[in-house]
Structures are given as C-alpha cells and as structure tokens.
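Visitor: Mind looking over this structure? Questions follow.
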Amino acid sequence: MKNQMNNSSESGEQKKVLRVGIAGFGTIGKVVGQALDDGIDGMTLIAVTSGNLDKASQNMQGFRQPAKVVEAGELAELVDVIVECAPTRAFMDVAVPALTQGKVLVTVSGAAILENPQITDVARKHGGQIVLATGALLGLDAVRAAAEGTIYSVKMVTRKPPTSLTKAKYVLENNIDLTGLTEPLQLFNGSAREGAEKFPSNVNVAASLGLAGVGADLTQLEIWADPTKTRNTHNIKVDADSASFELTIENVPTIENPGTGRITALSVIAALKSLCAPLRVGS
Ligand SMILES: NC(=O)C1=CN([C@@H]2O[C@H](COP(=O)(O)OP(=O)(O)OC[C@H]3O[C@@H](n4cnc5c(N)ncnc54)[C@H](O)[C@@H]3O)[C@@H](O)[C@H]2O)C=CC1
Ligand SMILES: O=C([O-])CC(=O)C(=O)O
C-alpha cells in the first residue's frame with residue numbers, strides 16, 4: 001500500500017496511520033465516517049466525496065474532525081484506503097482512480113464487481129487491492145473455504161419487506177406495485193448474476209456469495225417481496241464435499257434506506273479494522 005502517513009507513538013516507534021477516504025456519504029458512508037471520527041486505531045478519515053457535496057459537509061457537522069469534502073476525482077490521491085459505498089453506477093468512477101494509484105478499495109458493491117470484472121485486472125496491474133466486505137450477508141468465510149474443495153450447489157433465498165424493495169431497479173422498471181401486498185410475491189428466480197443485474201442495490205450479497213463460491217452463474221437466487229417480514233432476510237444453503245450448511249440472517253432495515261440493513265455499515269467498519277489489526281479473526 002503506497003503513501004502511508006507516519007506518526008510517532010508514545011514509545012517513540014514509528015506507527016503507520018492509514019489515511020481513509022469515503023466515496024458515497026449516504027446510509028452506509030455516514031456510519032463508517034462517524035466510526036472513523038470516533039476513532040479506529042491506525043487510521044484517520046481524511047476526505048469524503050458524495051453525490052451532493054453540501055449535504056456531505058452538513059452530515060459531518062457533529063464530527064470532532066470533519067474531513068475535507070472533495071470532488072470524486074480528487075479523493076484517491078489524498079488517501080491510502082477508499083471506502084466505496086456509492087450507488088452501483090458510480091463504482092467504476094471511484095474504483096478505477098483508486099486502484100490505478102495502487103490504493104486499497106473497501107467496498108460492498110458486489111453487483112458492480114460482477115458487472116465490471118476487469119476491475120480486478122486494474123488492481124493486479126497497479127498493486128491495488130479490492131476488499132469486498134461481507135456486508136449484509138453471513139458465511140462467506142465458510143463458502144470460501146468450501147470453494148477450496150468442491151462445492152456441489154449454492155442457493156440463496158432473499159425475502160425482504162415490500163418497503164425494502166420499492167426502489168429496486170427491476171420493480172421501478174416494471175412498474176410493480178408492492179403496496180398492499182398481503183402474501184409473498186416472488187420477484188425473481190434465476191442466477192445470482194441475473195439477479196444482481198436486475199436488483200443491483202438489493203442483492204449485492206448474492207453477487208458476493210457468487211464471487212466467494214461457485215461463481216454468480218451457478219449460484220441460484222430467489223427474491224421475494226414478503227409482507228410477513230419486517231427484516232431483510234437472506235437464507236443460504238451450501239452443499240460441498242467438505243461440509244453442508246444452511247445459514248439465515250435477518251437484517252434490521254435502516255430508517256434512511258430500508259433496502260440496506262444496519263449490519264452493512266458495521267461490516268465495513270469491521271473490514272477496515274482488519275486492515276490494521278494485529279489479530280484478524282476469520283478468513
Ligand atoms: N453488500 C451489501 O451487503 C450491501 C451493499 N449495498 C451497496 O451499497 C451502496 C450504498 O448503500 P447506501 O449507503 O444504503 O446508499 P445511499 O443511497 O444511502 O447512499 C449512497 C450515497 O452515494 C452518493 N453518491 C451518488 N453518486 C455518487 C458518486 N458518483 N460518487 C460518490 N458518491 C455518490 C449519494 O449522494 C449518497 O450519499 C448501495 O448502492 C448498494 O449497492 C447496500 C447494502 C448492502
Ligand atoms: O444485499 C444488499 O445489497 C442489501 C441487503 O440485502 C440487506 O441489507 O439485507
């Protein structure tokens with residue numbers, strides 16, 4: 001990782017402090033920014049960019065040390081680590097300059113990585129790294145481990161309250177009215193790749209599951225708008241030669257953006273901490 005800041009610790013030894021920038025200061029970005037402002041060992045928030053720069057400044061009013069608010073193109077050169085939590089369509093505008101400059105990109109945009117697989121070549125060529133945080137899912141550590149052997153099948157079923165899906169691309173494009181739904185409605189049944197294309201802001205987790213395991217084409221996905229649910233629920237079933245497992249996570253929707261579970265920002269914070277921690281738990 002290039003260009004880390006040096007700080008002297010009390011013992012006099014040089015300690016590397018990672019300079020962090022956030023691209024996308026919305027539901028996830030604000031929580032991550034607040035955590036950095038509260039203090040994460042070994043890193044400091046330097047700069048933020050977002051769709052609306054004035055709003056980003058306002059959102060840092062309570063911060064002890066508000067970061068610089070910069071245009072998207074300026075962010076990468078100022079920092080060592082970029083946290084990308086912008087809409088899928090903005091991913092390449094953030095990722096390419098970051099990785100071309102050899103920086104670390106921490107992201108939850110699994111759908112955008114599937115859509116732009118060449119981004120890993122950019123990272124490889126310039127010595128950058130993409131860290132796809134687990135986000136709103138669970139079990140990616142076990143899926144990755146199983147993928148070192150033979151996985152026979154991976155299936156994921158997502159059930160979200162209708163309010164978490166009203167802004168989904170597929171729902172808007174097809175004028176699907178989810179208000180007044182009285183029983184579960186299946187919106188999608190197919191591969192994780194196709195699901196991530198149709199619901200890019202809603203099943204990043206399915207894209208991540210595909211990337212962790214047998215690939216997005218072989219990962220099966222169902223998406224349901226389910227009025228019996230109050231939480232964004234993902235169930236995954238994996239059958240492999242090393243293990244079989246079934247896991248379910250029930251994510252509390254955020255108030256700002258019900259499609260995004262509260263745990264997502266916390267997963268990003270955990271991923272950031274892993275970059276500096278002397279002990280890293282999980283693969
Ligand atoms: N893997 C996972 O578990 C999850 C992934 N996500 C992904 O994270 C993304 C962010 O989620 P939220 O924070 O809930 O969305 P949000 O809509 O609350 O915030 C997005 C922010 O990005 C900003 N933005 C728009 N255009 C931009 C650009 N060109 N450059 C930089 N920032 C820009 C917006 O102004 C807004 O502040 C989602 O679009 C989704 O793709 C979301 C939830 C879970
Ligand atoms: O997958 C996503 O992008 C978001 C999600 O399901 C959740 O927050 O539960």
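Start counting the sequence shown at 1; every next residue gets the next number (the UniProt record's numbering). Where is the CB? At the ideal position from N, CA and C, for every residue including glycine. Note that the structure is a prediction, hence the values are computed from the model and not measured.
#1: When you compare each of ALA243, LYS103, MET92 and LYS155 to PRO117 by their alpha carbons, which one comes out closest?
#2: If distances are taken between C-alpha atoms only, which option among LEU132, ASP226 and ASP141 comes closest to GLY180?
#3: Hey, how far is the Cα of PRO97 from the Cα of GLY21?
#4: Considering just the uninterrupted stretch of the beta strand (DSSP E) at ILE130, what are its terminal residues?
#5: Could you tell me which uninterrupted beta strand (DSSP E) segments, each at least 3 residues in length, are contained entirely in the stretch 40-92, listed from first to last along the chain?
#6: Using three-state DSSP, classify ARG262 as helix, strand or coil.
#7: Where does SER283 land, buried or exposed, given buried means 16+ other C-beta within 10 angstroms?
#8: Can we count VAL203 as close to ligand 2, meaning its CB is less than 7 Å from some heavy atom?
#9: Closer than 7 Å: is that where the CB of THR107 sits relative to any heavy atom of ligand 2?
#10: Three or more C-beta pairs closer than 8 Å, one from the stretch 273-281 and one from the stretch 179-195: is that the case here?
#11: Can you round the beta-carbon distance between ALA72 and ALA23 to whole angstroms, since I take them to be within the 8 Å contact cut?
#12: Whole angstroms is fine: what's the gap from LEU187's alpha carbon to THR233's?
#13: Between VAL214 and the rest of its own chain, which residues show a CB-CB distance below 6 Å, the 5 nearest in sequence each way excluded?
#14: When the Cβ atoms of the stretch 22-42 are set against those of the stretch 50-60, are three or more pairs found closer than 8 Å?
#15: Please state whether the Cβ-Cβ distance between ASP37 and GLN65 is less than 8 Å.
#16: Please classify VAL203: does DSSP put it in a helix, a strand, or coil?
#17: In this structure, does DSSP put THR107 in helix, strand or coil?
#18: Should GLY215 be counted as a contact of ligand 2 given a C-beta to heavy atom distance under 7 Å?
#19: Applying the 10 Å Cβ sphere with the 16-neighbour rule, what's the burial state of VAL252?
#20: Using the rule of at least 16 other Cβ atoms within 10 Å of the residue's Cβ for burial, across every protein chain shown, is VAL70 buried or exposed?
#21: Note down the Cα distance separating ALA147 from ALA212, rounded to an integer number of angstroms.
#22: Grab me the residues of ALA168's own chain with a C-beta within less than 6 Å of its C-beta, minus the 5 sequence neighbours each way, in chain order.
#23: Suppose only complete runs of 4+ residues qualify. What are the alpha helix (DSSP H) ranges in the stretch 193-242, listed by chain order?
#24: Strictly by DSSP, which residues pair up with GLN186?
#25: Among the residues of its own chain, which have a CB less than 6 Å from the CB of TRP224, if the five just before and after it don't count?
#26: Which first and last residues belong to the beta strand (DSSP E) in which VAL154 is found?
#27: Measure the C-alpha to C-alpha separation of VAL171 and LEU165 and round it to an integer number of angstroms.
#28: For the alpha helix (DSSP H) that contains LEU247, what are its first and last residues?
Guide: In short, the structure shows the following:
#1: Of the candidates ALA243, LYS103, MET92 and LYS155, MET92 places its Cα closest to the Cα of PRO117.
#2: The shortest C-alpha separation from GLY180 is found at ASP226.
#3: The straight-line gap from Cα to Cα measures roughly 13 Å.
#4: Segment 129-132, the beta strand (DSSP E) holding ILE130.
#5: If we require 3 residues or more, the beta strand (DSSP E) runs fully inside the stretch 40-92 come out as 43-49 and 81-84.
#6: In this structure, DSSP gives ARG262 a state outside helix and strand, which the three-state scheme calls coil.
#7: By the beta-carbon neighbour count (other beta carbons within 10 angstroms, threshold 16), SER283 is exposed.
#8: Yes, the Cβ of VAL203 comes within 7 Å of a heavy atom of ligand 2.
#9: It does not: the Cβ of THR107 is nowhere closer than 7 Å to a heavy atom of ligand 2.
#10: Note that the stretch 273-281 does not touch the stretch 179-195; fewer than 3 beta-carbon pairs, one per stretch, sit closer than 8 Å.
#11: For ALA72 against ALA23, the beta-carbon gap comes to about 7 Å, under 8 Å, which counts as contact.
#12: If I take the Cα positions, the gap works out to 15 Å.
#13: Taken in chain order, the residues that qualify are ILE151 and VAL154.
#14: The stretch 22-42 is in contact with the stretch 50-60.
#15: Less than 8 Å separates the beta-carbon of ASP37 from that of GLN65.
#16: Here VAL203 sits in coil by DSSP.
#17: It is a strand residue.
#18: No, since every heavy atom of ligand 2 falls outside the 7 Å radius drawn around the Cβ of GLY215.
#19: By the Cβ-count criterion, VAL252 is exposed, with fewer than 16 other Cβ atoms from all chains shown falling within 10 Å of its own Cβ.
#20: With 16 or more Cβ atoms within 10 Å of its Cβ, VAL70 is classed as buried.
#21: Rounded to the nearest whole angstrom, the C-alpha separation of ALA147 and ALA212 is 7 Å.
#22: Correct list, in chain order: PHE199 and ASN202.
#23: Scanning the stretch 193-242 from its first residue to its last, the whole alpha helix (DSSP H) runs of 4-plus residues come out as 204-212.
#24: In the DSSP output, where bridge partners are listed per residue, GLN186 has TRP224.
#25: Sequence-distant partners of TRP224 (beyond 5 residues in either direction) whose C-beta falls short of 6 Å from its own C-beta, in its chain, are ARG159, PRO184 and GLN186.
#26: Note, VAL154: beta strand (DSSP E), 151-160.
#27: Near 7 Å, if we compare the C-alpha coordinates of LEU165 and VAL171.
#28: Counting along the chain, LEU247 sits inside no alpha helix (DSSP H); it lies in the beta strand (DSSP E) bounded by residues 244-251.
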